[in-house]
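Residue numbers (UniProt numbering), protein chains in the order written: chain A, 1 to 293; chain B, 1 to 318. Backbone N, C-alpha and C fix where the C-beta goes; we use that ideal spot for every residue, glycine too. Since we're looking at a predicted model, the values are computed, not measured.
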Amino acid sequence: MVHDKTIGGRLFDGAVYVILFLVALVTILPFLHIIAGSLTTVDELAQKRFVLFPTKISWDAYAYIFSTNTIFRSMLVSIGVTGFGTLFSMILTSLMAYGLSRRDLVGRKQLMFMIVFTMLFSGGMIPTFIVVKSLGMIDSYAALIVPTAINAFNLIILRSFFQNLPDGLEESAKIDGCNDWGILFRIVIPLSMPAIATISLFYAVTYWNTYLPAILYIDSAEKWPIQVLLRQIVILASGLTADSSGFSDDFVTPPDQTIKMAVIVVATVPVLLVYPFLQKYFDKGALLGSVKG
Amino acid sequence: MSSNSASAVAAVKPDMKKHDLRRRILKNKAIYLMILPGLLYFVLFKYFPMWGLVISFQEYRPYDGILGSDWVGFKHYQRLFTEPMFWTIFRNTIILFLMNLIFFFPVPIILAILLNEVRLQAFKRFVQTIVYIPHFMSWVIIVSISFVMVTMDGGMINEGLDAMGMQKVNFLLSDEWFRPMYILQVIWREAGWGTIVYLAAIAAIDPQLYEASRMDGANRFRQIWHITLPSIRSVIVILLILKIGDVLELGFEHVYLLLNAMNRNVAEIFDTYVYTAGLKQGQFSFSTAVGFFKSFVGLVLVMSANWLAKKFGEEGVY
Numbered sequence: 001m002v003h004d005k006t007i008g009g010r011l012f013d014g015a016v017y018v019i020l021f022l023v024a025l026v027t028i029l030p031f032l033h034i035i036a037g038s039l040t041t042v043d044e045l046a047q048k049r050f051v052l053f054p055t056k057i058s059w060d061a062y063a064y065i066f067s068t069n070t071i072f073r074s075m076l077v078s079i080g081v082t083g084f085g086t087l088f089s090m091i092l093t094s095l096m097a098y099g100l101s102r103r104d105l106v107g108r109k110q111l112m113f114m115i116v117f118t119m120l121f122s123g124g125m126i127p128t129f130i131v132v133k134s135l136g137m138i139d140s141y142a143a144l145i146v147p148t149a150i151n152a153f154n155l156i157i158l159r160s161f162f163q164n165l166p167d168g169l170e171e172s173a174k175i176d177g178c179n180d181w182g183i184l185f186r187i188v189i190p191l192s193m194p195a196i197a198t199i200s201l202f203y204a205v206t207y208w209n210t211y212l213p214a215i216l217y218i219d220s221a222e223k224w225p226i227q228v229l230l231r232q233i234v235i236l237a238s239g240l241t242a243d244s245s246g247f248s249d250d251f252v253t254p255p256d257q258t259i260k261m262a263v264i265v266v267a268t269v270p271v272l273l274v275y276p277f278l279q280k281y282f283d284k285g286a287l288l289g290s291v292k293g
Numbered sequence: 001m002s003s004n005s006a007s008a009v010a011a012v013k014p015d016m017k018k019h020d021l022r023r024r025i026l027k028n029k030a031i032y033l034m035i036l037p038g039l040l041y042f043v044l045f046k047y048f049p050m051w052g053l054v055i056s057f058q059e060y061r062p063y064d065g066i067l068g069s070d071w072v073g074f075k076h077y078q079r080l081f082t083e084p085m086f087w088t089i090f091r092n093t094i095i096l097f098l099m100n101l102i103f104f105f106p107v108p109i110i111l112a113i114l115l116n117e118v119r120l121q122a123f124k125r126f127v128q129t130i131v132y133i134p135h136f137m138s139w140v141i142i143v144s145i146s147f148v149m150v151t152m153d154g155g156m157i158n159e160g161l162d163a164m165g166m167q168k169v170n171f172l173l174s175d176e177w178f179r180p181m182y183i184l185q186v187i188w189r190e191a192g193w194g195t196i197v198y199l200a201a202i203a204a205i206d207p208q209l210y211e212a213s214r215m216d217g218a219n220r221f222r223q224i225w226h227i228t229l230p231s232i233r234s235v236i237v238i239l240l241i242l243k244i245g246d247v248l249e250l251g252f253e254h255v256y257l258l259l260n261a262m263n264r265n266v267a268e269i270f271d272t273y274v275y276t277a278g279l280k281q282g283q284f285s286f287s288t289a290v291g292f293f294k295s296f297v298g299l300v301l302v303m304s305a306n307w308l309a310k311k312f313g314e315e316g317v318y
């Protein structure tokens, strides 16, 4: 856009910058408040209530939450679920996406309809629970991964991406004696690394954030992923839910604000760490046009 | 045949002979093998549960399974429509949806238009980077942060009210504050992310339109009103219609995390009710009936919304 030098135009610009700056500030402030608060001494936080720059950095809250195994174990569960889950999801998703991207496949249309239909209608929570239960997955880590292994949206995005690769590549590979597996692993996947990386990150964030499958399928507290533990510590400790069953023994008394903040930070930081990589891809809007099959 | 290009095969009309079809299938053996695990996933975890909806017509007992449980016809559906809780849930759902439409829906549009007016690319990127962040945080984190900030014992909001000589408010245990909190959290988490679609639509606008209007002496407000908004109208209509198709999808996790004994009469929605009645109280068949009702109405809404979109001359979504 050409520079607008009128007085009205400058006022308008000024207003836009101020408003957007405030929006960004309001969005990020709660996170900064929590991070700063977790590093503040209990006394200082109790006195000032809102801290952005602690006068004295204190790691007490972190020392406390890592003094028992509870948080550490939950972190391990979440890391494991995220790692294995992302791998499992990517194997299933990319194999199926590539298969469905082949235009010469008999039954492709029917299979696509079958997938899209699951986005519109579902059997719901209880029948899914019964299936998971009859597969013997209750209270196993597999229940946190397998029942949500493929996200139909991710599958369709990846399929569109594969489909838009030039046709000639497969042809020439076939002439060179490459079979379908060879084409997928030596040509299609290496050429689609940006898309593969993006979808992997989306899966990873989803697995890290997993909560519903855990409260549905996991009974033992030692198998809780970090999100469930976070809810126990911050939300249930305020005595606020109708259902307070399965409360973790380590946190019977309502914990200090600083401790709650530290747990939130621990659950948040991994996502913040991968965020720049995520942003690199979705910023280009690369994913958008391809969502529609 | 094998040297034919893939697209040429696809272009062949379906009136081919049987053994041709078999050859086309056999040729792609490896491809079907690749699809198999994914297909198995969809059958097991998406289509089996759909079949499992039959338990809403039964008195399902876990030990007897679906095949061994007694059939009771529409008993659970009759109970559903006579239960006073049903109408509470129905009302809560509609109110939350309307609030969503009025208070949340316009926010990403306004934000996207403002972002588009920014010429300093570095500033635009800075704002975008920040406002997308909350979308990647789980509801547990969003709700936890809110709780820490508004709690009665030491939350910054209540301490601020106290310092200003006002009465503390128990936001978390109040049925008046549930809806505003819900909607504010939705805006916080999703408003920034929601701008992406609109920004993409705005980016497609021909810059000459703006130049021409400037020649005609249109100021920035008029440019937004006469060029930007009309250009993204179709995207707005599509998203609005999609939203209507999603009336019942208010987010189980989000509402469940905010739900407590004190705000249940305004916070209970279909999903949370299914969870409590089904998994906490063991009324499998009844809660499945509730869930089926919800899924079915949802499907009808999405289909009608899509039909409506086509009717408005927009490209449908499905």
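Neighbour flag for residue i against chain A, beta carbons, 8 Å
i, result
"residue 319/B", "There is no way to answer for residue 319/B, as the model of chain B reaches only from 1 to 318."
"residue 133/B", "yes"
"residue 88/B", "no"
"residue 238/B", "no"
"residue 141/B", "yes"
"residue 273/B", "no"
"residue 46/B", "yes"
"residue 24/B", "yes"
"residue 252/B", "yes"
"residue 195/B", "no"
"residue 309/B", "no"
"residue 122/B", "no"
Beta carbon of residue i nearer than 8 Å to that of residue j
i, j, result
"residue 144/A", "residue 213/A", "yes"
"residue 46/A", "residue 154/B", "yes"
"residue 292/B", "residue 53/B", "yes"
"residue 300/A", "residue 207/A", "With chain A represented from 1 up to 293, any question about residue 300/A goes unanswered, as that position is not in the structure."
"residue 125/A", "residue 274/B", "yes"
"residue 256/A", "residue 30/B", "no"
"residue 58/A", "residue 39/A", "yes"
"residue 104/A", "residue 28/B", "yes"
"residue 205/A", "residue 136/B", "yes"
"residue 93/B", "residue 248/B", "yes"
Chain-order list of residues whose beta-carbon lies under 6 Å from that of residue i (same chain, five-residue window excluded)
i, result
"residue 283/B", "277"
"residue 170/A", "183"
"residue 229/A", "74"
"residue 150/A", "92 and 93"
"residue 116/B", "202"
"residue 173/A", "183 and 187"
Between the CA atoms of residue j and residue i - distance to the nearest angstrom
i, j, result
"residue 242/A", "residue 227/A", "Below a pLDDT of 50, predicted positions are generally treated as unreliable, and residue 242/A, at 40, falls in that range; no measurement from the model is reported."
"residue 49/A", "residue 63/A", "21 Å"
"residue 70/A", "residue 195/A", "36 Å"
"residue 270/A", "residue 53/A", "22 Å"
"residue 245/A", "residue 221/A", "Legend: pLDDT at residue 245/A = 45, less than 50; position of this residue unreliable, value from coordinates given subsequently. Near 11 Å, if we compare the C-alpha coordinates of residue 221/A and residue 245/A."
"residue 96/A", "residue 34/B", "6 Å"
"residue 267/B", "residue 250/B", "11 Å"
"residue 196/B", "residue 169/B", "36 Å"
"residue 138/A", "residue 129/A", "9 Å"
"residue 109/B", "residue 186/B", "15 Å"
"residue 39/B", "residue 88/A", "14 Å"
"residue 234/A", "residue 210/B", "51 Å"
"residue 281/B", "residue 223/B", "58 Å"
"residue 288/B", "residue 68/A", "40 Å"
Reference residue i, options the options, closest by Cα
i, options, result
"residue 60/B", "307/B, 300/B and 286/B", "286/B"
"residue 98/A", "190/A, 5/A and 20/A", "190/A"
"residue 178/B", "265/B, 207/B and 193/B", "265/B"
"residue 148/B", "258/B, 39/B and 117/B", "258/B"
"residue 28/A", "164/B, 127/B, 215/B and 152/B", "127/B"
"residue 311/B", "88/B, 57/B and 241/B", "241/B"
"residue 176/B", "208/B, 96/B, 50/B and 296/B", "96/B"
"residue 51/B", "152/B, 39/B, 67/B and 37/B", "67/B"
"residue 163/A", "41/A, 6/A, 108/A and 31/A", "108/A"
"residue 41/B", "11/A, 111/A, 43/A and 56/A", "111/A"
"residue 217/A", "175/A, 264/A and 134/A", "134/A"
Any chain B beta carbon closer than 8 Å to residue i
i, result
"residue 85/A", "no"
"residue 172/A", "no"
"residue 261/A", "yes"
Same chain, Cβ closer than 7 Å to residue i, neighbours up to 5 away in sequence not counted
i, result
"residue 201/A", "274, 277 and 278"
"residue 37/A", "45, 51, 257, 258 and 261"
"residue 32/A", "52"
Residue-level contact to chain C via CB, residue i, 8 Å cutoff
i, result
"residue 188/B", "Looking for chain C here will not work: the only protein chains present are A and B."
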